[in-house]
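What follows is one structure encoded as structure tokens, with my remarks underneath.
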Amino acid sequence: MRLLNFIVIRLSLFFVLGTLLGFCFEIKIYHQLIGLAFSLSLLLVYYLIQRKSFHPPYTFSALVYVVILQLGCVNASYHLPKNQENHFIHQTKNNHQTFVFKVTEAQKDNDFNYKYLADIYQINQHKSLGKCLVHYQKDSLRHHLEVGVVYQAIGKFQDFKTPKNPTDFNYKKFMERRGIKKQVYLKSENTVRLGVKQKRNLTAWAHYKRQEIKDSLAQNGFLKKESGLIQALVLGQKKDIDATTYQNFSKAGVVHILAVSGLHVGIVLLLLQYIFKPLDWLPYGKILKTILILACLWLFGLMAGFSPSVTRAVTMFSLFAVAINMKRKTNTINVLCISLLILLLIQPNRIFEVGFQLSYSAVFAIVTMQPPLFKLVQPKWKPLKYLWSVASVTLTAQLGVLPLSLFYFKQFPGLFMLANIVIIPLLGIILGLGILVVILSLAGFLPEFLQAFFAQVLNFLSFFVNQIANQEEFVIQNINFSEWMFISLSIAIFFLLLSFRKPNFGNLAPMLLGLSSFFVAALVEQSKTNQTHQFIVFDQARKTIIGSQFAGHLDLFYSAKNTNEIATNYAVKNYEKLEGLKTISFNKKQNIYALANEEFLLVVDEKEIYQLPELKNSIVLLTNSPKINLNRLIEILEPSLIIADANNYRSFIELWRTTAVKNKIDFHYTYEDGAWLKEWKQ
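Per the UniProt record's numbering, the sequence shown runs over residues 1 to 682.
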């Protein structure tokens with residue numbers, strides 16, 4: 001099989017590239033349309049010239065790919081909020097506005113607010129469109145918004161905040177890639193319900209049905225942890241899974257079973273094929289069977305919330321269901337690429353979703369590499385053959401997602417093979433039982449013995465996963481993995497997969513080039529780590545945290561009461577993970593730090609020690625609200641820069657800023673400007 005000669009695969013690759021270019025460069029859409037019209041004109045001319053030729057010239061093929069690339073760009077640009085005239089971001093102002101919105105999806109709440117995704121319908125009597133994130137304040141009466149209901153509110157739209165520390169999660173970027181540019185904070189007193197619950201809205205119906213399932217599971221005696229696992233396994237809803245359980249599944253390398261994916265949808269398709277098999281004997285039974293299976297698959301996808309993996313799997317298995325029941329031959333890779341094209345046409349923002357990338361990478365690896373890998377070993381004993389089948393699928397899937405896993409999560413679960421070999425064969429039984437339990441629970445006919453048995457099954461699953469996750473020595477964490485390493489390893493693995501199908505020079509050469517680039521990138525990254533000294537003043541409220549990093553080691557200096565408070569700090573843990581640190585030492589805060597080129601940083605805290613004229617032209621860090629005369633400090637030290645962290649009173653900050661500006665000294669406030677960072681070569 002000449003894999004890349006399938007036209008749909010080539011078209012998919014160029015459409016994906018075009019989509020990425022459209023989002024990355026944000027070229028004005030009318031410029032793109034002019035370019036697309038020009039390319040289409042050239043394509044038409046070439047077609048008219050070469051239409052009698054059985055083999056079109058390479059120029060014609062190149063033009064086709066250029067057109068597909070441009071279509072991807074145009075499609076991505078069209079979905080950008082700034083290119084939509086009626087999008088509400090063009091109507092928002094820096095004050096409170098009256099607007100109408102409909103709640104479309106509930107998000108995971110926090111201690112202070114409920115969170116929802118909402119469609120904006122109107123702002124100040126002007127029709128609008130677009131999505132925003134709504135924070136709805138919790139109160140003593142437990143008021144909350146309802147999915148599918150239209151509200152009118154008064155609020156001020158705000159941009160998402162950029163991360164304050166260099167390795168913090170960039171929530172602003174994450175939401176913008178979902179097409180959501182603004183957020184708004186609301187209270188019950190300024191929010192009025194305009195409409196009743198719209199029962200015809202399928203998304204709202206699915207939301208309430210999921211809530212009904214959650215309530216029925218609790219009523220039937222399932223504990224919160226067990227209920228969370230059922231909702232994740234059957235419906236792909238992970239909001240009720242506690243952080244420890246999710247982390248354990250991730251460390252064990254089986255977190256994919258908590259997200260409804262191709263494995264789950266494939267099992268559901270097999271069950272539906274069996275249930276509706278009697279329809280084959282009826283006139284037009286195959287057509288009716290296909291329609292019912294498709295309806296059930298998409299209903300399952302709706303109940304699972306149409307996450308990236310669910311949408312891909314349902315689309316792909318729908319095409320398979322049609323092909324199987326209509327007795328049509330099909331190719332898995334073609335079906336995979338067609339589903340990719342369909343989903344990106346409808347919602348190009350999905351290309352940035354980690355779940356979407358992981359889902360397609362895993363399936364592509366499985367369908368290209370698993371069959372030839374499975375043929376390398378042919379056990380005659382059926383149980384062993386089945387285990388080898390599971391192992392080969394697990395191995396190829398893990399290889400396919402390896403670059404993404406290392407790039408996003410910075411860890412590798414060493415015991416993933418063992419965990420999957422045990423869990424995957426049981427997943428069909430667990431999923432089948434889970435669906436049965438959910439249906440009987442909703443109907444009010446769940447037998448007590450079945451509830452107790454399934455609870456024990458879930459407890460065994462959790463126990464086994466916890467045992468695997470607790471083998472910390474097999475979980476490789478804090479892997480330093482740069483973008484260059486990600487790209488080069490992705491290229492190497494892509495052509496390795498193709499080489500399993502067709503081992504020729506055209507596939508082996510790019511694979512070796514990718515591997516060589518990866519090793520060069522790894523050496524460069526290691527050299528950079530070993531030669532670069534990084535000094536950072538973190539943005540932290542109510543405490544001071546200073547870090548000095550060199551050669552994979554971090555010295556942390558802090559003002560907190562205990563070390564554990566710093567070791568578990570979110571900013572510190574993120575910094576440790578994303579910088580690929582090997583060791584950390586914890587120390588009490590000092591007053592003076594040596595930087596590069598005989599430069600010093602002086603910490604001025606509540607002790608108010610700064611009468612050190614020998615430290616002239618140093619950098620000064622103000623922390624813990626020292627009651628000092630800043631003019632006098634400037635007169636003595638003549639600092640080159642004044643830093644104030646978030647561990648200071650706001651009133652002091654404004655006074656210090658005014659004084660610094662008056663004396664023409666740069667002022668850096670970490671709460672507004674982010675953590676202060678300085679790098680130099682050792």
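Ideal Cβ positions, reconstructed from N, Cα and C, are used throughout, including at glycine.
Given this structure, state the Cα-to-Cα distance separating residue i from residue j, to the nearest angstrom.
{"i": "F505", "j": "G514", "result": "14 Å"}
{"i": "H66", "j": "Q347", "result": "Note on identity: in this sequence residue 66 is Val, with His being the wrong assignment. Cα to Cα, the separation comes out at about 21 Å."}
{"i": "A560", "j": "A541", "result": "11 Å"}
{"i": "L446", "j": "Q219", "result": "11 Å"}
{"i": "R178", "j": "K172", "result": "10 Å"}
{"i": "A252", "j": "A259", "result": "15 Å"}
{"i": "W298", "j": "I545", "result": "50 Å"}
{"i": "R2", "j": "I333", "result": "Here R2 scores only 48 on pLDDT, less than 50, and its place in the model should not be relied on; the value that follows carries that caveat. R2 and I333: Cα-Cα distance of roughly 12 Å."}
{"i": "I264", "j": "V437", "result": "A small correction: the amino acid at residue 264 is His; Ile does not occupy that position in the sequence shown. Computed Cα separation, rounded: 16 Å."}
{"i": "D673", "j": "K164", "result": "7 Å"}
{"i": "V254", "j": "I423", "result": "8 Å"}
{"i": "K197", "j": "K224", "result": "The pLDDT assigned to K197 is 49, lower than 50, so where the model puts this residue is not dependable; a value taken from the coordinates is nonetheless given after this. Each residue's alpha carbon lies about 28 Å from the other."}
{"i": "L4", "j": "L601", "result": "No answer about L4 holds up, because its pLDDT of 45 lies below 50 and its placement is not dependable."}
{"i": "K102", "j": "G148", "result": "6 Å"}
{"i": "P278", "j": "R312", "result": "28 Å"}
{"i": "E448", "j": "F169", "result": "44 Å"}
{"i": "P503", "j": "N587", "result": "56 Å"}
{"i": "Q50", "j": "A37", "result": "20 Å"}
{"i": "F606", "j": "W676", "result": "It should be pointed out that residue 606 corresponds to Glu in this sequence rather than to Phe. Taking the straight line from one Cα to the other gives about 21 Å."}
{"i": "A321", "j": "T290", "result": "7 Å"}
{"i": "Y136", "j": "D119", "result": "15 Å"}
{"i": "K664", "j": "A594", "result": "24 Å"}
Mind reading off the beta-carbon distance from residue i to residue j? Whole number of angstroms is fine, and I expect it under 8 Å.
{"i": "S625", "j": "N648", "result": "5 Å"}
{"i": "G228", "j": "D240", "result": "4 Å"}
{"i": "I351", "j": "V16", "result": "7 Å"}
{"i": "S39", "j": "L11", "result": "That belief does not hold up - the Cβ atoms of S39 and L11 are roughly 15 Å apart, past 8 Å."}
{"i": "T104", "j": "F157", "result": "With a Cβ gap of about 17 Å, T104 and F157 do not count as contacting."}
{"i": "E226", "j": "L442", "result": "Not confirmed; about 16 Å, so no contact."}
{"i": "L498", "j": "T394", "result": "The pair is not a contact, with the Cβ atoms about 21 Å apart (cut-off 8 Å)."}
{"i": "L235", "j": "A304", "result": "5 Å"}
{"i": "H144", "j": "Y114", "result": "5 Å"}
Can you tell me whether DSSP reads residue i as helix, strand or coil?
{"i": "G301", "result": "helix"}
{"i": "D242", "result": "coil"}
{"i": "Q534", "result": "strand"}
{"i": "K502", "result": "coil"}
{"i": "G580", "result": "coil"}
{"i": "G547", "result": "strand"}
{"i": "A492", "result": "helix"}
{"i": "V147", "result": "coil"}
{"i": "L554", "result": "strand"}
{"i": "D139", "result": "coil"}
{"i": "G155", "result": "strand"}
{"i": "V67", "result": "helix"}
{"i": "F160", "result": "coil"}
{"i": "E26", "result": "coil"}
{"i": "A118", "result": "strand"}
{"i": "Y58", "result": "helix"}
{"i": "L677", "result": "strand"}
{"i": "T92", "result": "coil"}
{"i": "T104", "result": "strand"}
{"i": "K277", "result": "helix"}
{"i": "A594", "result": "strand"}
{"i": "S482", "result": "coil"}
{"i": "Q97", "result": "strand"}
{"i": "H126", "result": "strand"}
{"i": "K588", "result": "strand"}
Quick one: does the C-beta of residue i sit closer than 7 Å to a heavy atom of the ligand FMN?
{"i": "V603", "result": "In the structure on display, the ligand FMN does not appear, and there are no ligands present to speak of."}
For the segment 329-339 against the segment 456-467, are there 3 or more C-beta pairs whose distance is under 8 Å? no
Cβ contact check for the segment 90-105 and the segment 150-162: 3 or more pairs under 8 Å: yes
Kindly confirm or deny that the segment 368-378 and the segment 413-422 touch, where touching means at least three C-beta pairs closer than 8 Å. no
With contact counted as at least three CB pairs below 8 Å, one residue from each stretch, are the segment 127-134 and the segment 83-90 in contact? yes
Between the segment 343-363 and the segment 393-406, are three or more C-beta pairs nearer than 8 Å? yes
Which ranges does the beta strand (DSSP E) cover as unbroken runs of at least 3 residues, wholly within the segment 612-664, from first to last along the chain? 619-622 and 641-644
Looking at C-beta atoms only, is the number of pairs between the segment 574-590 and the segment 546-556 that lie closer than 8 Å three or more? yes
Restricting to runs no shorter than 3 residues, where is the beta strand (DSSP E) found entirely within the segment 171-243? 180-186 and 191-193
To test your reading of the DSSP string, which unbroken beta strand (DSSP E) runs of 3 or more residues are found completely within the segment 355-439? none
If we count Cβ pairs, one from each stretch, closer than 8 Å, do we get three or more for the segment 664-679 versus the segment 611-618? no
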